[in-house]
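Numbered per our numbering, the sequence shown spans residues 518 to 880.
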Amino acid sequence: MKLNEYDHLPAGLLESPASALHHVLDGPALIHLEGKNPQPLFVSILQHGNEVTGWEAIRRLLKGHYSFDRLPRSLCLLIGNTRAAKHRLRRLDDQLDYNRCWPGGIHDDSEIGKLFRQVTDRAIELAPIASVDIHNNTGLNPHYAAINRIRPEFLRLASYFSSKVVYFTMPKGTQSLAFSRFCPSSTLECGQAGEVLGTDHTLGFLETCMHLDDIPTTPMGEDDVYLYHMVATVRVHDDVLFGFGNVPTDVAFRENLDALNFCELPLGISLADINDCPAQPVIATDIDGKDVTAQYFRFDRNQVETVREIMPSMLTLDRRVIQQDCLGYLMERIHFADHIEVTDHDPLPEGLRRSDRPGEPEG
518 MKLNEYDHLP AGLLESPASA LHHVLDGPAL IHLEGKNPQP LFVSILQHGN EVTGWEAIRR
578 LLKGHYSFDR LPRSLCLLIG NTRAAKHRLR RLDDQLDYNR CWPGGIHDDS EIGKLFRQVT
638 DRAIELAPIA SVDIHNNTGL NPHYAAINRI RPEFLRLASY FSSKVVYFTM PKGTQSLAFS
698 RFCPSSTLEC GQAGEVLGTD HTLGFLETCM HLDDIPTTPM GEDDVYLYHM VATVRVHDDV
758 LFGFGNVPTD VAFRENLDAL NFCELPLGIS LADINDCPAQ PVIATDIDGK DVTAQYFRFD
818 RNQVETVREI MPSMLTLDRR VIQQDCLGYL MERIHFADHI EVTDHDPLPE GLRRSDRPGE
878 PEG
């Protein structure tokens with residue numbers, strides 16, 4: 518797989534919806550657009566082909582007054598999975614999840630992993646002011662931002678989008694996690710695809726970032742950001758037949774399961790009815806991949822019941838997403854002042870090149 522790089526917008530690009538981008542781009546593309554400030558903002562979109570808000574926001578950004586006005590800052594735009602976008606799917610069955618293939622993940626040696634290593638090397642050379650990876654949810658969630666390092670500039674960047682911020686270090690191989698080694702980075706979760714509010718919100722955020730002179734590193738107040746730590750991934754057992762509502766399956770999850778996202782759930786709440794299935798129909802794993810199911814759920818009363826207070830996020834009703842990725846995540850509220858990083862050391866993934874950023878040695 519070859520990385521296509523452009524120093525201009527290919528003809529017909531902005532006129533194409535996400536599902537038609539494959540007519541213009543035959544694979545992932547890195548597009549460099551020059552602005553008044555040469556230090557670029559790096560923006561990643563369509564890593565998942567059905568998450569189109571990022572592309573719609575970029576189209577509106579570039580088709581508006583920037584179609585004749587110069588950009589206030591250079592823009593480095595990565596357009597990801599156009600093949601899956603053609604079919605309006607997260608990924609195709611013969612593809613890896615693009616947002617699990619960046620340096621530091623388990624798919625480094627895959628074809629797309631090698632391509633994303635090239636993209637990361639290129640970004641290190643460009644030393645962007647920040648990296649923004651734009652996504653949608655399939656379930657009901659508020660708009661929120663996610664970060665991979667608890668540092669003032671990361672929190673500040675995320676706060677330009679939402680006061681709700683999630684700190685995560687799993688899954689490995691995400692774009693924002695790879696880029697967090699060398700610049701402030703954030704993932705935007707912009708609600709469900711196709712919602713105008715999500716596009717409006719994302720467009721406003723991008724405009725803000727394009728006009729920044731820098732990202733302040735001064736500490737933020739405790740009330741400025743509500744920070745949550747992603748502590749577990751919840752998956753459905755591979756051998757379990759599942760559904761939602763009153764259906765004859767092994768596990769019948771609540772019909773409105775995704776309405777529980779970002780809600781503080783008490784112990785003893787039931788997420789599903791259990792019929793005939795493995796003793797552990799759902800599996801929770803921590804950030805190290807360790808099975809921690811017993812810390813969160815019990816199954817001995819024909820229910821999937823919580824055994825402690827939890828706050829879920831990204832719970833989805835989309836069967837394909839559940840099978841390809843997960844049912845959702847569990848979070849805990851943390852006070853960022855107790856977890857702020859004090860080191861300036863930015864360890865790069867093995868094999869990546871350090872750019873000639875001021876004051877930083879090669880190696």
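Every residue, glycine too, gets a C-beta built ideally from N, C-alpha and C.
Using DSSP's beta-bridge definition, name the partner residues of residue i.
i	result
residue 552	588
residue 750	802 and 846
residue 851	744
residue 760	769
residue 661	706
residue 840	Residue 840 pairs with nothing; no bridge assigned.
residue 562	596
residue 815	822
By how many angstroms is the C-alpha of residue j removed from the C-alpha of residue i?
i	j	result
residue 719	residue 707	7 angstroms
residue 589	residue 670	21 angstroms
residue 557	residue 575	15 angstroms
residue 815	residue 824	7 angstroms
residue 666	residue 765	44 angstroms
residue 836	residue 553	46 angstroms
residue 847	residue 699	28 angstroms
residue 883	residue 774	Here the chain has residues from 518 to 880 only, and residue 883 is not among them.
residue 595	residue 842	22 angstroms
residue 756	residue 852	39 angstroms
residue 822	residue 858	36 angstroms
residue 672	residue 778	22 angstroms
residue 586	residue 600	32 angstroms
residue 695	residue 763	42 angstroms
residue 732	residue 644	14 angstroms
residue 870	residue 786	Its pLDDT being 47, under 50, residue 870 is placed unreliably by the model, and nothing is read from it.
Using 8 angstroms for Cβ pairs, my map puts residue i next to residue j. What's the rounded Cβ distance?
i	j	result
residue 834	residue 566	About 19 angstroms separates the two Cβ atoms, so there is no contact after all.
residue 682	residue 743	7 angstroms
residue 548	residue 597	So it is not a contact: roughly 12 angstroms between Cβ atoms.
residue 530	residue 541	5 angstroms
residue 640	residue 705	About 18 angstroms separates the two Cβ atoms, so there is no contact after all.
How about residue i: is its C-beta nearer than 7 angstroms to some C-beta of chain D?
i	result
residue 769	Included in the structure is just one protein chain, with no chain D present.
Can you have a look at residue i and say buried or exposed, based on whether 16 or more other CB atoms are within 10 angstroms of its CB?
i	result
residue 780	exposed
residue 679	buried
residue 690	buried
residue 559	buried
residue 783	exposed
residue 873	Interpretation of residue 873 is limited by its pLDDT of 39, a score under 50 that renders its predicted location unreliable; the figure taken from the coordinates is listed afterwards. With fewer than 16 Cβ atoms within 10 Å of its Cβ, residue 873 is classed as exposed.
residue 584	exposed
residue 528	exposed
Task: Touch test, the segment 563-575 against the segment 636-655, Cβ-Cβ under 8 angstroms, three pairs minimum - done: Result yes; three or more Cβ-Cβ pairs closer than 8 angstroms.
Task: Inter-stretch contact at 8 angstroms, needing at least 3 Cβ pairs: the segment 530-540 / the segment 622-629 - done: Using a C-beta cut-off of 8 angstroms, the segment 530-540 makes no contact with the segment 622-629, since fewer than three inter-stretch Cβ pairs fall below that distance.
Open item on the list: For the structure I just gave you, are there three or more beta carbon pairs, one from the segment 750-758 and one from the segment 792-810, closer than 8 angstroms?
Closed with: Under the Cβ criterion (8 angstroms, minimum of three pairs), the segment 750-758 counts as touching the segment 792-810.
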